[in-house]
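Notes to accompany the following structure.
Number of protein chains: 4
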Amino acid sequence: MPNSFGHLFRITTWGESHGPAIGVTIDGCPPRLPISAAEIQAELDRRRPGQSDITTPRKEADSVEILSGVYEGMTTGTPIALMVRNTDQRSSAYNEMKAAFRPSHADFTYQTKFGIRDPNGGGRSSARETIGRVAAGAIAKKILGLGGLEIRAYITRVHDIEAPAEALVEFPSLAEVEATAVRCPHAATAAAMIERIKAVRSEGDSVGGVIQCRVRGVPVGLGEPVFDRLEADLAKAMLSLPATKGFEIGSGFAGTRLRGSEHNDLFENRDGHIRTVTNRSGGVQGGISNGEELVFNVAFKPTATILQAQATVDLAGQPAELMGKGRHDPCVVPRAVPIVEAMAALVLLDHWMRDSAQNRTFEF
Amino acid sequence: MPNSFGHLFRITTWGESHGPAIGVTIDGCPPRLPISAAEIQAELDRRRPGQSDITTPRKEADSVEILSGVYEGMTTGTPIALMVRNTDQRSSAYNEMKAAFRPSHADFTYQTKFGIRDPNGGGRSSARETIGRVAAGAIAKKILGLGGLEIRAYITRVHDIEAPAEALVEFPSLAEVEATAVRCPHAATAAAMIERIKAVRSEGDSVGGVIQCRVRGVPVGLGEPVFDRLEADLAKAMLSLPATKGFEIGSGFAGTRLRGSEHNDLFENRDGHIRTVTNRSGGVQGGISNGEELVFNVAFKPTATILQAQATVDLAGQPAELMGKGRHDPCVVPRAVPIVEAMAALVLLDHWMRDSAQNRTFEF
Amino acid sequence: MPNSFGHLFRITTWGESHGPAIGVTIDGCPPRLPISAAEIQAELDRRRPGQSDITTPRKEADSVEILSGVYEGMTTGTPIALMVRNTDQRSSAYNEMKAAFRPSHADFTYQTKFGIRDPNGGGRSSARETIGRVAAGAIAKKILGLGGLEIRAYITRVHDIEAPAEALVEFPSLAEVEATAVRCPHAATAAAMIERIKAVRSEGDSVGGVIQCRVRGVPVGLGEPVFDRLEADLAKAMLSLPATKGFEIGSGFAGTRLRGSEHNDLFENRDGHIRTVTNRSGGVQGGISNGEELVFNVAFKPTATILQAQATVDLAGQPAELMGKGRHDPCVVPRAVPIVEAMAALVLLDHWMRDSAQNRTFEF
Amino acid sequence: MPNSFGHLFRITTWGESHGPAIGVTIDGCPPRLPISAAEIQAELDRRRPGQSDITTPRKEADSVEILSGVYEGMTTGTPIALMVRNTDQRSSAYNEMKAAFRPSHADFTYQTKFGIRDPNGGGRSSARETIGRVAAGAIAKKILGLGGLEIRAYITRVHDIEAPAEALVEFPSLAEVEATAVRCPHAATAAAMIERIKAVRSEGDSVGGVIQCRVRGVPVGLGEPVFDRLEADLAKAMLSLPATKGFEIGSGFAGTRLRGSEHNDLFENRDGHIRTVTNRSGGVQGGISNGEELVFNVAFKPTATILQAQATVDLAGQPAELMGKGRHDPCVVPRAVPIVEAMAALVLLDHWMRDSAQNRTFEF
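Chains as they are written, first to last, in the numbering used here: chain W, 6 to 369; chain C, 6 to 369; chain U, 6 to 369; chain X, 6 to 369.
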């Protein structure tokens, strides 16, 4: 079950970076949803390698095949199996890595935990496993979209280059986000970010950054306290992504510097609806969505693979030196944007169905 | 299942702030563990109200009763039911809150989600629900302790008063943490924190802060990628706690400002073991523990209940004003320290058992 | 989780036969259901010992206490904790059984599996653990009843005394079932059954029998293939009960003696509804309810405890002899009737909520 | 999750009868198990159509492809994805069935539950979905075999032709079972069964029967009371199979005709081990394996598809007549033998890992 996520809209992913294929099975999808491979492909294309000059040059079409669960263009309620064949597998690039542990990678922990690992491209620990998440997330996003939700992730910071807060007040459009390869909706900042990424790449180095994700149109009531609070499941979803090191919702860490009298979101009646004047809660109160915008940030560390010599040890624990090879993103954050959206969609759809099951199946 | 946590060492909690009792059932506890009510009580006493002059004066003995699963002082492998009777219930303090939604509380979301709520003391959304977590965590901690793990949480910041980094290099002792009511192991900082908490209380206000938790002695191999990464389950555990707004592991948000060449943890052979020179990973790589210290931070917002008049709306959505009453902590963070430890213990024990099941049941 | 059952309406039970108490927590109960302790007590009274002269004379009030999840007589959507204190615990009757394994009981397997067991009254393996199931089932039954479902279990056979098939064509009323202590709705057969039970008891022996359960008013569509077919979950529910050895639905084992042309249930249009002419399917087709009556049988072995000397071994594996003591039912089947109904209710309600979540949350 | 089975060794199946492919993902498989596609194929070949003159002539190679989780011939602990492409899809045979509901099939219930169905070959409700179970079961069987367990299923009855009890006293060898197409280890009975199957086929009719499954070498201690008793999970596993109507373990329904004094399995010390003299318990006591042979029976109804005209209704509920077409087994029971073994293996392996996790991870 470590490779399954969700309770009612439940996905199970499989596949290694350089194995024959990568895939996902979705169990519990509502029936009669019109869906096409092209719609899923559109999201996969957003995370695909080689889409711009700041991403890895690995060439993968990441072409998705629907193997079950869809009949004449509509979901049937049975499991939806999606598969992407791996094509551009240059395992030779990893020969050296079979013999030594790459620093800040999963080589050592996988080897020790399982006593065996597929070293090619990182095997299962490769970010290619997120293909299944994005494919399943595309379906979740479509359902949520029909329900009036809009999910938008974008980069707010790369290294120390940060978009100004005032540029992010409005909910950015998809076009604004997709306008640049770096997926920061503030054009000037985006340009600086791209420049920085190219600069560190030229030095064989890497950088990380922060993704912000916002969701509007969330109904009041999603989230299942005490353990499956909405923010708890979002945090888990985000920290389950490769390279993530932090999550914060609403005011987050900065909010801990405020007093209660400054931090509380007062209620008001706006146009006949109960709303909060501010949104330091980030859209959740008591673990349940309150109808305001969901706002959360995710921290991504700098890519572990760098094209520089690094000290490490070999499988026997003896000192060794590794020079990064393979084709890697100097900054994974831009390609992580659609992945963050996918995970958010999976959490929200699952919670929507859970809330409905308990609270709308019966009317007493 | 929203009130259950864990897969193999699985707890289910129940109970409202002002109901007859609060409790927890632990399913899957290993048998033949010597355990007494007194050992569980010791942890409960750490989170109990009224333990110092900076916490709520609500008087609750929080006396635990073992109802099943223990025979002649040893666990039997059957479900362990633990119960704490509520005694000091002054529901009258909440009369006013039945009619209006407290800002930044769960009143509005519970009412809207379920169409009903127990308003006394916040009902199920009260932090009293963490009693069950702490009670179960006490057993988990004992098992982990026998396995050589040591879990230590403490406060690093209250409002803007922060312990100096150099004071936290060493793993603090339990005595150092418990030396002051505020549970910051750096005495001078602790004194300043207490002063600040008393000051804001005198103004009817509140503050938040940050808890750091470290675990040493963690074996290599805990964590179940891709979704049940150790840090993902820790993040979920922490964000499932009332008043939390953020989680970061290892370098966290600050690490996103480093380059890969600065951030990577190089491997070395130390005393015959494969270790990392630095620990920006925070003890996990690829979602699996690497044998280094687990280090993570949790952000707690300022207490929502303040003894000041606040604008809000009533159940009909009409403008109202609320003046906080009841007995509340001006800063919940000190009492959250044992709760964070309990949740960490629950995650680690569950993962230990999961790892063992897959990787140590069979030898091929 | 071995002590939890259900996915969305999920119960967790705890407690030993001679421990302080027995209980259950229900997670996921729909909110705003009016419920009282008296309604739950009514079902508990049906399974209670000492209710007639053919059951064990153990005197237990089995008085239920609602500890959480109900506010002013209505469920709140939070966990409902129910507890029954044990009162009549004569553990001394079990002293002898601490030293030797009772034949066809769980003493040996518990001892070997866990390395420890609570020997008093069988500890967790006692049928007293079904108190939690019946208490939770009472709530499930009420919800299903409001939804138009009627669940009726009754005895069709004790030892070799069987009710005539023609007497069971009509759906028996609750009054007909409860008319006799043996809960067979056919009066003449019931009298013979009671006579038989008294006869074997006078010989210190025991008998088993068969319970049939029928449910009418089931909507079309409950059941989640391929693994969580409705009959699969019913089979699991029934085989999870102490003393059960078999389950069959619809035509069951007898149906395997028919040809397809004899066995198939032809469809017809009856009063504007698609119905089957016969019901050899027992109300399920392809694992999903088809709107016909659910009909299934459960086999209960003769009570393992008999008041005769039996050969066995002691804890060291040495030959020993045991003479059954304690207070036991010479035939558990009559008291199992409300338990079978409770388990059926738990399965059906959980499936109703699951079906609703997937198929009625969204309309595309 | 309705298409997932197991907790720690967990499978998720997908695929429709006439879709592009059928598959399964195994999550939680122990690492370092040597496994090849050929070993899995061997089990698939046992359930494959067209393997004898008493099965459907549909020609399917059912050739399995390993897509992930195996590296250089060894499992890696990551998800194992297995896929079988469908090749012989004559959907035209089902044109008529799109318009009317086949009696005793899943057409009506799927259509009503989901509002849509894939009518070709029964879509997801086809027995072809068991391919995934058998493929995963092959791996489970291998692991169990290395652990000393032997699982043997065979037919004891077809229609009213039953193997004599004395012929089944000994644990049949695989060769004895596979000696005939009907998989009854008693040659004379097998011949009669084959004759009967051919006879009913020539009349366009069908028959059912009973499979017995025995497992030897089971360690004491498998089974997780109170809900996940070993027999409860076996019952669920078996009733989750298409066409099953009943399950009994040990003495089963017949045992209810015995007295306790006749039914109890007395303990004895045999060669230094605690054993039972008889095995009416069927290898489980208190829901936990007791080291004796597991013995259970599964009832399979006659194949619903018969080549005779049958009255039914169309999608609008109007009277219609259907003449069975397509290629079907006149008796599904022989091909169900490896499927029953597969499900038994999945249950036992999962329980072995669960037992190990709780009872052998720690030694206090």
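For every residue, glycine included, the Cβ atom is placed at its ideal position computed from N, Cα and C.
With a threshold of 7 Å between beta-carbons, can residue i be considered close to chain U, or not?
i: X/K203; result: no
i: X/E134; result: yes
Helix, strand or coil: which one does DSSP assign to residue i?
i: U/D334; result: coil
i: U/H278; result: strand
i: W/Q323; result: coil
i: X/A141; result: helix
i: C/T117; result: helix
i: X/I136; result: helix
i: X/L149; result: helix
i: U/I40; result: coil
i: U/D355; result: helix
i: C/V345; result: helix
i: W/L87; result: strand
i: C/M79; result: strand
i: C/L312; result: coil
i: C/S73; result: strand
i: W/K250; result: strand
i: X/A240; result: helix
i: U/G20; result: strand
i: X/L263; result: coil
i: X/R53; result: coil
i: X/S286; result: coil
Under 7 Å between C-beta atoms, does residue i make it to chain X?
i: C/M6; result: no
i: W/W19; result: yes
i: U/F252; result: yes
i: U/Q217; result: no
Go through its chain and collect everything with a Cβ distance to residue i's Cβ below 7 Å, but skip five positions before and after it.
i: U/L227; result: L235, I293, S294, L353, H356, W357 and D360
i: W/V139; result: E48, L49, R52, P343, I344 and A347
i: U/F301; result: C218, L239, F252, E253, I254 and G287
i: C/G11; result: L351 and D355
i: X/I27; result: G20, V89, N91, R133, E134, I136 and G137
Here's a check: name, in chain order, each residue in its chain whose Cβ is nearer than 8 Å to the Cβ of residue i, leaving out the five neighbours to either side.
i: C/E101; result: L327, M328 and K330
Quick one: measure Cβ to Cβ for residue i and residue j, integer angstroms, because I've assumed they're closer than 8 Å.
i: W/H23; j: W/G142; result: That pair is no contact at about 23 Å.
i: W/V342; j: W/A158; result: 5 Å
i: C/P177; j: W/S130; result: That pair is no contact at about 33 Å.
i: X/T310; j: X/H333; result: 4 Å
Looking at chain C, is there any beta carbon in it that lies within less than 7 Å of the beta carbon of residue i?
i: X/G78; result: no
i: U/F113; result: no
i: U/S109; result: no
i: W/H268; result: yes
i: X/F10; result: no
i: W/Q116; result: no
Are the C-beta atoms of residue i and some chain W residue less than 7 Å apart?
i: C/I166; result: no
i: C/S361; result: no
i: U/G228; result: no
i: C/T261; result: yes
Checklist entry - In the stretch 166–212 of chain C, which residue ranges form an unbroken alpha helix (DSSP H) of at least 4 residues, counting only runs that do not cross its ends? => result 179–183 and 192–207
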